[in-house]
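J.:
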Amino acid sequence: MKTFFDKIKQNDFYKLWFKDALPYVTGAVLLSVFQIVTFTTTGNPWGVSGVFANWGAWLFELVGGSVDKWFYFSSPGAQATLNAGFLNDPGTWRNLGIVAGALFAAMMASGFKIKKIKSIRQVIAAALGGILMGYGARIAFGCNIGALFSGIASLSLSGWVFAAFMFVGAIIGSKLLVKYFM
Amino acid sequence: MAEEKVRTSSRASSRGGTEKRKKKNQIPIAMIIFAVIAGIGVWLGFKEETLLLYWLLGLAFGFTLQRSRFCFTASMRDPYLTKSTSITRAVLIAFAITSIAFTAIKYGYFINGLAIPGQSYIAPISIATAIGACMFGIGMVIAGGCASGTLMRIGEGFWMQVISLFFFIVGSLWGAHDFGWWKRTFMLKAPKIFLPDYLGWLGGLVVNLLIIAVIYVIAHKWEKKHSDGLSH
Amino acid sequence: MAKEVELDCMGEACPIPLIKTEKALEELEVGDTLIVLVDHSCAMKNVPEWARKQGHEVELEEVDDGEWEVYIEKMK
Chain A
2 MKTFFDKIKQ NDFYKLWFKD ALPYVTGAVL LSVFQIVTFT TTGNPWGVSG VFANWGAWLF
62 ELVGGSVDKW FYFSSPGAQA TLNAGFLNDP GTWRNLGIVA GALFAAMMAS GFKIKKIKSI
122 RQVIAAALGG ILMGYGARIA FGCNIGALFS GIASLSLSGW VFAAFMFVGA IIGSKLLVKY
182 FM
Chain B
-7 MAEEKVRTSS RASSRGGTEK RKKKNQIPIA MIIFAVIAGI GVWLGFKEET LLLYWLLGLA
53 FGFTLQRSRF CFTASMRDPY LTKSTSITRA VLIAFAITSI AFTAIKYGYF INGLAIPGQS
113 YIAPISIATA IGACMFGIGM VIAGGCASGT LMRIGEGFWM QVISLFFFIV GSLWGAHDFG
173 WWKRTFMLKA PKIFLPDYLG WLGGLVVNLL IIAVIYVIAH KWEKKHSDGL SH
Chain C
209 MAKEVELDCM GEACPIPLIK TEKALEELEV GDTLIVLVDH SCAMKNVPEW ARKQGHEVEL
269 EEVDDGEWEV YIEKMK
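Residue numbers (the working numbering), protein chains in the order written: chain A, 2 to 183; chain B, -7 to 224; chain C, 209 to 284.
#1: Which bits of chain B does C/L226 rub up against, with CB to CB less than 7 Å?
#2: For B/P116, does the three-state DSSP call read helix, strand or coil?
#3: May I ask you to report which of helix, strand or coil DSSP gives A/K116?
#4: Going along the chain, which unbroken runs of the alpha helix (DSSP H) with 4 or more residues stay wholly within the segment 9 to 62 of chain A?
#5: Which residues of the segment 17 to 29 of chain A have a Cβ closer than 8 Å to any Cβ of chain C? Give them in chain order.
#6: Quick check: is the beta carbon of A/D7 nearer than 9 Å to any beta carbon in chain B?
#7: For chain B, is any of its Cβ atoms less than 9 Å away from the one on A/Q96?
#8: Would DSSP call A/S157 helix, strand or coil?
#9: Of all the options A/A101, A/W56, A/G174, which has the alpha carbon lying nearest to the alpha carbon of B/F159?
#10: What are the start and end residues of the beta strand (DSSP E) that includes B/V198?
#11: Could you check where the alpha helix (DSSP H) with C/V271 kicks off and where it finishes?
#12: Note down, in chain order, each residue of its chain lying with its Cβ closer than 7 Å to the Cβ of C/L284, except the 5 sequence neighbours on either side.
#13: Please return the same chain residues whose Cβ sits closer than 8 Å to the Cβ of B/A187, not counting the five positions on each side in sequence.
#14: Decide if the segment 251 to 265 of chain C is in contact with the segment 222 to 242 of chain C; the criterion is three or more beta carbon pairs, one per stretch, under 8 Å apart.
#15: Give the DSSP bridge partners of C/W276, in chain order.
#16: Express the C-alpha separation of B/I85 and B/I227 in angstroms, rounding to a whole number.
#17: Opposite B/F150 in the DSSP bridges: which residues?
#18: Any idea if A/M109 is buried or exposed, counting beta-carbon neighbours within 10 angstroms, 16 or more meaning buried?
#19: Which word fits B/F62, buried or exposed, when buried means at least 16 other C-beta atoms lie within 10 angstroms of its C-beta?
#20: Going along the segment 104 to 129 of chain B in order, which residues come within less than 8 Å of chain C, judged by CB to CB distance?
#21: For A/G131 and B/K39, I'd like the C-alpha separation in whole angstroms.
#22: Straight-line CA distance for A/S157 to B/S112?
#23: Roughly how far, in whole angstroms, is the beta-carbon of B/M68 from the beta-carbon of A/A138, given that I think they are within contact range, below 8 Å?
#24: Taking the CB atoms as reference points, tell me whether A/F61 and B/L157 lie closer together than 9 Å.
#25: Evaluate the contact criterion for the segment 148 to 156 of chain B versus the segment 103 to 111 of chain B: three or more CB pairs, one atom per stretch, below 8 Å.
#26: Can you tell me where the alpha helix (DSSP H) with C/E220 in it begins and where it stops?
#27: Using a C-beta cutoff of 9 Å, does A/P46 count as contacting chain B?
#28: Could you say which of A/A165, A/R95, A/A29, A/G135 lies nearest to B/L45 if we only look at CA atoms?
#29: Taking all protein chains shown into account, do 16 or more other C-beta atoms lie within 10 angstroms of the C-beta of B/K12, making it buried, or fewer, making it exposed?
#30: Whose CA, out of A/Y181, A/N45, A/T27, lies closest to the CA of B/I130?
#31: Secondary structure at B/K175, three-state DSSP: helix, strand or coil?
#32: So, at 7 Å on beta carbons, what are the nonlocal neighbours of B/I119 in its own chain, with the 5 sequence-adjacent residues on each side left out?
#33: Could you check the C-alpha separation between A/K10 and A/A107 for me, to the nearest Å?
#34: For the segment 48 to 66 of chain B against the segment 81 to 100 of chain A, do three or more pairs of beta-carbon atoms, one drawn from each stretch, fall closer than 8 Å, so that the two count as touching?
#35: In chain B, what lies closer than 7 Å to A/K117 by C-beta?
#36: Residues bridged to C/E281 by DSSP?
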C-alpha cells in the first residue's frame, strides 16, 4: 500500500494535477469557469462574505441574542434563510466547500501542516483584520468576491469603485503591517 | 534579528541533514478526506440538490485557489509592497473572461424579454462603498487573507486564519447591526450603475474591457520598471 | 568567505515571509546565501518568484510535508 502511494508521487500526471503549484493564469481561467458555472446554475454570481453575516446571526442566537429587529435581516429572503438554519443554507456549504477543497488539495500535494499561532501579534492582526473585513464587507455590499470579482464581471461600476478604494486600503494596511505586525 | 543564524556547515552538508528527515506521504489521508467529502455530497444530494450544487462549487473554488495559490489580497497588496503584479494581471484576466461571459448570459435573458439575473450584485455607489472597501483592504492585508483566502488557509491548516474568520463573522454581525443607519444615511440616494444602462450592451462591455486592459498595461510596466530590467 | 544565513518564517502568512526575505537579503553580501524556511504554500511560490525576478539564483526544496527551504544566492 505504502509503495503504491509512493509510486503515485513519482507520476507525472500526479505532479501536474496535484503537486506542483499551477500558474496564476491557470488559476484565473479555472476560477472564471467556476464563476460562470455559478452564475448560470444558481442565477447569482459567487459571493462569500454575505454568508458570514448569517453565521454571525446564528452564533448570536446561540448565545441568546436576537436579530429579528435588525433592518439588515428584515427582508423575507433573509428571514427565510435564518429560519432554515445553518445546515440548510446553500452559502454555508459553498464556504465550507472552499475549506474542504483546499484541505483536500493540500493533503493531495502532501503539503498539509497545522500552523500554530506564533505570537500575540498574530492574534491581534487576525482579530483586527477580521473585524475590519467583516464590517467593511457589509457596508460595501461584499468582499473581494461579491463586490469586486462578481461586481466587475456584472459590469457594475460599483466593482471598480470598490477596487480603487480597496487598493488604497491595501496600501494603508501594508504600511501598518510593516510597522506594527512584523 | 534573533531568528537569523549563520549556518556553520557548508550548503551540501546542511542539505544532507534535512534529507534525513523522513517525509510522510499524505496521499492516503487525502483519500480519506475525499471519501468524507463524497459522503457529505451524497447526504446533501438526498437532502436538497441545491445544497449539493453549492458544495461542489465551493470544493472547486477551494481546490483551485489552493492549487494555484490564487490570492485576491496579493493582487491588491503586492503591486505596492513588492512591486510584483503577476497575480494582479491574473485577476484582470479573470475579470475579462467573466465579464464577457456574464454580459453574454445577461444579454441572452434581456433579448428574450426575461428578467436579467444577478442584478442584485449591481451595488449602490456611495461613501459607504468607499469606506467599506478601504476597511476591507486594510483588514485583508493585516489578517493575511480576504474572505475566500481565509477559508482557503483554514483548509491548509492555519490557526491564525481561524481567529481571523471568527472576527470576520463578528465584524459582519456588527456591520449588519449598523446597516440600517448606513442605508438611511448614504445608500438610499446612491446610484446603482450598470454600465449597459448608460453605454449600451456592447459599449458597456467594451468600456469594462478597456479599463481592464489599461490597468493590465500599467501593471506590466510597473513590474518591469521595478525589476531592474532583469525580468525575463 | 561567503556565508549562509537562515531565516525562519515558519507559521507566518503572506506577505511577511517575503518582506523578511527582502530585508535579510539587503544585509547580505553578494555571493552569500539566504535560506528561508517557510510552511506557507503561497510563500513557497511567491518568495522564489520574487527573488528570481530580482536576478538572484534560487532553489526550492521541500524538506517535509508542508515545509520548504528556499535557497537564495545573492547575485547583485
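For each residue, glycine too, the CB sits at the ideal point set by N, CA and C.
T.: For this structure:
#1: Taking the third sequence and counting its residues from 1, one reaches residue 226 of chain C at position 18. Those are T74, listed as they occur along chain B.
#2: Position 124 of the second sequence, counted from the first residue, corresponds to residue 116 of chain B. Strand, per DSSP.
#3: In the first sequence, the residue the question calls residue 116 of chain A occupies position 115. Strand, per DSSP.
#4: 25 to 43
#5: A22
#6: Residue mapping note: residue 7 of chain A aligns to position 6 of the first sequence, counting from 1. At least one chain B Cβ lies under 9 Å of A/D7.
#7: Residue mapping note: residue 96 of chain A aligns to position 95 of the first sequence, counting from 1. For the sequence presented, residue 96 of chain A should be read as Asn rather than Gln. For A/N96, the answer is yes, since a Cβ of chain B falls inside 9 Å of its Cβ.
#8: Position 156 of the first sequence, counted from the first residue, corresponds to residue 157 of chain A. It is a strand residue.
#9: Taking the first residue of the second sequence as position 1, residue 159 of chain B is located at position 167. Here the closest residue by C-alpha is A/W56.
#10: Sequence index remark: in the second sequence, residue 198 of chain B carries index 206 (1-based). Here B/V198 belongs to no beta strand (DSSP E); instead the alpha helix (DSSP H) covers 187 to 218.
#11: Taking the third sequence and counting its residues from 1, the one referred to as residue 271 of chain C is at position 63. For C/V271, there is no enclosing alpha helix (DSSP H); the residue is part of the beta strand (DSSP E) that begins and ends at 265 to 272.
#12: As a position in the third sequence, residue 284 of chain C is number 76, starting the count at 1. The question names Leu, yet the displayed sequence has Lys at residue 284 of chain C. Taken in chain order, the residues that qualify are V238, G263.
#13: Residue 187 of chain B sits at position 195 when you count from the first residue of the second sequence. It is worth fixing the name first, because residue 187 of chain B is Leu in this sequence and not Ala. Contacts found: G195, G196, L197, V199, N200.
#14: yes
#15: Position 68 of the third sequence holds residue 276 of chain C. Answer by DSSP bridge pairing, in chain order: C/V246, C/E270.
#16: No answer is possible for residue 227 of chain B: the residues shown for chain B start at -7 and end at 224.
#17: The residue labelled residue 150 of chain B in the question sits at position 158 within the second sequence. According to DSSP, B/F150 bridges with A/K116.
#18: Stepping through the first sequence from its first residue, residue 109 of chain A is reached at position 108. A/M109 comes out buried.
#19: For the purposes of this step, residue 62 of chain B is taken as the residue at position 70 of the second sequence. Label assigned to B/F62: buried.
#20: none
#21: Locating residue 131 of chain A in the first sequence gives position 130, where the first residue counts as 1. Locating residue 39 of chain B in the second sequence gives position 47, where the first residue counts as 1. Spanning the two alpha carbons is a distance of roughly 32 Å.
#22: Counting from one through the first sequence, the residue named residue 157 of chain A turns up at place 156. Counting from one through the second sequence, the residue named residue 112 of chain B turns up at place 120. Their backbone Cα atoms lie some 10 Å apart in a straight line.
#23: In the second sequence, counting from the first residue as 1, residue 68 of chain B sits at position 76. In the first sequence, counting from the first residue as 1, residue 138 of chain A sits at position 137. Going by Cβ atoms, the distance from B/M68 to A/A138 rounds to 14 Å, so no, they are not a contact pair.
#24: Taking the first residue of the first sequence as position 1, residue 61 of chain A is located at position 60. Taking the first residue of the second sequence as position 1, residue 157 of chain B is located at position 165. It is not a contact, given that the beta carbons lie outside the stated cut-off.
#25: no
#26: Residue 220 of chain C sits at position 12 when you count from the first residue of the third sequence. C/E220 -> no alpha helix (DSSP H), and no H or E assigned at all.
#27: Taking the first sequence and counting its residues from 1, one reaches residue 46 of chain A at position 45. By this cut-off, A/P46 is an interface position.
#28: Locating residue 45 of chain B in the second sequence gives position 53, counting from the first residue. For the options A/A165, A/R95, A/A29, A/G135, the alpha carbon positioned closest to that of B/L45 is the one of A/R95.
#29: Within the second sequence, numbered from 1, the residue matching residue 12 of chain B stands at position 20. Interpretation of B/K12 is limited by its pLDDT of 48, a score under 50 that renders its predicted location unreliable; the figure taken from the coordinates is listed afterwards. Exposed, because fewer than 16 other Cβ atoms sit within 10 Å of the Cβ of B/K12.
#30: Numbered from 1 along the second sequence, position 138 holds the residue referred to as residue 130 of chain B. The residue with the shortest Cα to Cα distance from B/I130 is A/Y181.
#31: Counting from 1 along the second sequence, the entry for residue 175 of chain B is found at position 183. In the structure shown, B/K175 sits in a helix (DSSP, three-state: H, G or I).
#32: As a first step, residue 119 of chain B must be located in the second sequence, where it is residue number 127. Excluding sequence neighbours, B/I119 sits near F178.
#33: Start at 1 with the first residue of the first sequence, and residue 10 of chain A comes out as number 9. Start at 1 with the first residue of the first sequence, and residue 107 of chain A comes out as number 106. Approximately 14 Å, taken between the alpha carbons.
#34: yes
#35: On the first sequence, position 116 is the one that residue 117 of chain A refers to. By Cβ distance, chain B contributes W151.
#36: Locating residue 281 of chain C in the third sequence gives position 73, where the first residue counts as 1. Per DSSP, C/T241, C/E265.
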